[in-house]
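Chemist: Residue numbers (the UniProt record's numbering): 1 to 149. Right, I'll just put the structure down here and ask away after.
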């Protein structure tokens, strides 16, 4: 019960807020993600100190992977996405975080194929506009939670 109020509800609110602001303004705010990362690290240190390294490494690895992807994709993945995935690792741990990572990119990929066909074939545009990632992250989190039920 404690984890519902102090882990899952704040986590869901941060993810939903970030998805909304990324859709509307193409921004994921540091004033949300950075305090969130600190909060979840402290929460997990208090609640589950024996497994704290799972949360710490999960956040560092997920953030690091997205930093690498941002460099390789030449900025297609933004700093807010990097921090949001680090937050996911700090909140949920490495195993859950990597599961959410997989769901996120599967959903984004399934959406991107018809979107790119529409943009390139029907609208005949050379370059597709950039798409915010946080809504797909939110869907990845939703699928993760639904499959836990």
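Glycine included, each C-beta is placed from N, C-alpha and C at the ideal position.
Tell me the DSSP secondary structure of residue 126 in three-state form.
Modeler: Residue 126 falls in the coil class under three-state DSSP.
Chemist: Alpha carbon to alpha carbon, how far is residue 55 from residue 114?
Modeler: Distance between the alpha carbons of residue 55 and residue 114: 36 Å.
Chemist: On the three-state DSSP scale, how would you describe residue 88?
Modeler: Helix, per DSSP.
Chemist: Helix, strand or coil: which one does DSSP assign to residue 37?
Modeler: Of the three classes helix, strand and coil, the one that applies to residue 37 here is helix, per DSSP.
Chemist: If you scan the segment 2-89 from start to end, which runs of the alpha helix (DSSP H) of 4 or more residues do you find wholly inside it?
Modeler: With a minimum length of 4 residues, the continuous alpha helix (DSSP H) runs that stay inside the segment 2-89 are 9-25, 30-47 and 52-72.
Chemist: Could you tell me whether any non-hydrogen atom of the ligand HEM is closer than 8 Å to the CB of residue 6?
Modeler: Only the bare structure without any ligand can be found here, which leaves the ligand HEM out of the picture.
Chemist: Rounded to whole angstroms, what is the Cα-Cα separation between residue 66 and residue 82?
Modeler: About 5 Å.
Chemist: Please report the straight-line C-alpha distance between residue 16 and residue 95, rounded to a whole angstrom.
Modeler: Taking the straight line from one Cα to the other gives about 21 Å.
Chemist: Skipping 5 residues on each side, what residues in its chain have a beta carbon closer than 6 Å to that of residue 87?
Modeler: Correct list, in chain order: 33, 36 and 37.
Chemist: Which residue from 60, 122 and 112 puts its Cα closest to that of residue 97?
Modeler: When only C-alpha atoms are compared, the closest one is 60.
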